[in-house]
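In order, the protein sequence lines correspond to chains A and B.
This note's numbering puts the first residue of the first sequence at 1, with every later residue one more than the last.
This note's numbering puts the first residue of the second sequence at 1001, with every later residue one more than the last.
Take a look at the structure below.
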Amino acid sequence: MSYYFAIVGTQDNPLFEHEFGTSKQGGDGMSRFNEAARHMNQFILHSSLDIVEEVQWGTGQMYLKHVDKFFNNYVSCYITAGNIKFLLLHQPMTPNSAAAASSRSSTSIAANPTSPQTEEAVRNFFVEVYENWVKTIMNPFYRVNMEVRSPVFRQRVAAAGRKYL
Amino acid sequence: MSNMTPVKGKEQPGLRYPSNGKTIYHRPLNRAKTSELSQASFAYLFSEMVGYASKRIVSIQDLEKRLNTQGHPIGLKLLDLLLHREPARTQTRPLTIITLLHLIKQQLWTHLFGRAADGLEKSSDPTRPDEYMIIDNEPLVNRYISVPRDMSQLNCAAFVAGIIEGVCDGSAFPARVTAHSVGKQQAAPAAEGEEGGEGKEMWPGRTVFLVKFLPEVLERESFLAKG
């Protein structure tokens, strides 16, 4: 399971991005995106913004769950009060490598991107990122739609990824 | 600058960490209910802010615009902070004008001033469905401010109007917010009906925050109402 996480500002401008892999089931936390398709991740995430903008007015919830799918890539979204979108693209293992893994892994969050457990894990990840996000914007020198460069923020996002995904 | 050494050998040279290693990310977002600031120190700071904003201005509108600009980022930040402090069950983004204004009247006002706003009204003028009024009988920011006679239009609560505007803009309800004194000279048309003459003497500093939403907000609102 590989993840690509991005924070997108109100002008559809990327503010932060981070790529990581699963740490559950003995994962090493490294992403395993296909090198030939890796550059597509940003496209796929940004193309889901249209759907996000439709869904966001249907519910007041911040976690919009899984909003888009592009072949084997699933996109989940969390939208903050200030209309900043957290987008997480998850790509489950390719079928042949999943079959190679033990049958137990079929219940893991990595293999079932649409299961309730995955939804909950992604929610926990987003909530933790949101807390750090609020801390970021509380910085008096931070203005809306500024890129986030703090290495501490990146560490925190990576830690949340390790913890839940 | 050449003697500036990268602290702790992090990947970004020149980035400085506080000596105790605690960054903004190490501090909790929640605070005790009772932690309040001294009003005297706030008044002092605010008077400096007004003084700063009143330098080289050409008109009162200009001064109010500057105060508004000072408040705007605060609103943007408070929006997310207040929502984060809500219990998880009621943690919802405002979807309609009413829920947004209610958030401002209750949560925002309580956070800033320790009480809810005194009133929330829709413009009674049918030609202006985009105008809403948030009423504060005694704005905290104006408590120690006496406006000179030649600047009688000035209301320093324009700063608070800026905060409101920030909250509205941040939650995708772009609006223009202005502060108006309605204490002595004239009462707002809508306020006249219920308060009558008595309200005028009772609250000389009564301020109305006029929230005027942009047309696209109303358009979306009517579209969403249709479902």
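Where is the CB? At the ideal position from N, CA and C, for every residue including glycine.
Query                                                                                                                                                                                 : Result
Hey, residue 82 of chain A and residue 1170 of chain B: beta-carbon distance below 8 Å or not?                                                                                        : yes
Once the 5 residues before and after residue 1218 of chain B are set aside, which same chain residues still bring their CB inside 7 Å of it?                                          : 1129, 1130
Note down, one range per segment and in chain order, each alpha helix (DSSP H) of at least 4 residues found wholly within the region 1024-1099 of chain B.                            : 1039-1053, 1060-1085
Taking residue 1092 of chain B and residue 1221 of chain B to be in contact with their CB atoms under 8 Å, please state how far apart those CB atoms are, rounded to whole angstroms. : Residue 1092 of chain B to residue 1221 of chain B, Cβ: 17 Å. No contact.
Which chain B residues are close to residue 123 of chain A, counting only those with a beta carbon under 7 Å from its beta carbon?                                                    : Per Cβ cutoff of 7 Å: no residues; residue 123 of chain A is ~10 Å from chain B at best.
Since residue 1025 of chain B meets chain A, which of its residues come closer than 7 Å, beta carbon to beta carbon?                                                                  : 132, 135, 152, 153, 156
Which residues, in chain order, does the region 42-67 of chain A contribute to contact with chain B at a C-beta distance below 7 Å?                                                   : 57, 60, 61, 62
With burial defined as no fewer than 16 other Cβ atoms inside 10 Å of the residue's Cβ, what is the status of residue 78 of chain A: buried or exposed?                               : buried
Apart from the five residues just before and just after residue 2 of chain A, which ones in its own chain have a Cβ nearer than 7 Å to its Cβ?                                        : 21, 31, 32, 33, 91
Just checking: is the beta-carbon of residue 80 of chain A within a distance shorter than 8 Å of some beta-carbon in chain B?                                                         : yes
Using a C-beta to C-beta distance shorter than 7 Å, which residues of chain A count as neighbours of residue 1077 of chain B?                                                         : 137, 138
Is residue 22 of chain A helix, strand or coil when you go by DSSP?                                                                                                                   : coil
Just to check my reading of the structure: residue 1071 of chain B and residue 1161 of chain B have Cβ atoms closer than 8 Å, yes? What is that Cβ distance to the nearest angstrom?  : 7 Å
Quick check: what's the CA-CA separation for residue 1225 of chain B versus residue 57 of chain A?                                                                                    : 11 Å
Skipping 5 residues on each side, what residues in its chain have a beta carbon closer than 6 Å to that of residue 1154 of chain B?                                                   : 1060, 1147
Can you confirm whether residue 75 of chain A, when its beta carbon is compared against all beta carbons of chain B, has any partner nearer than 8 Å?                                 : no
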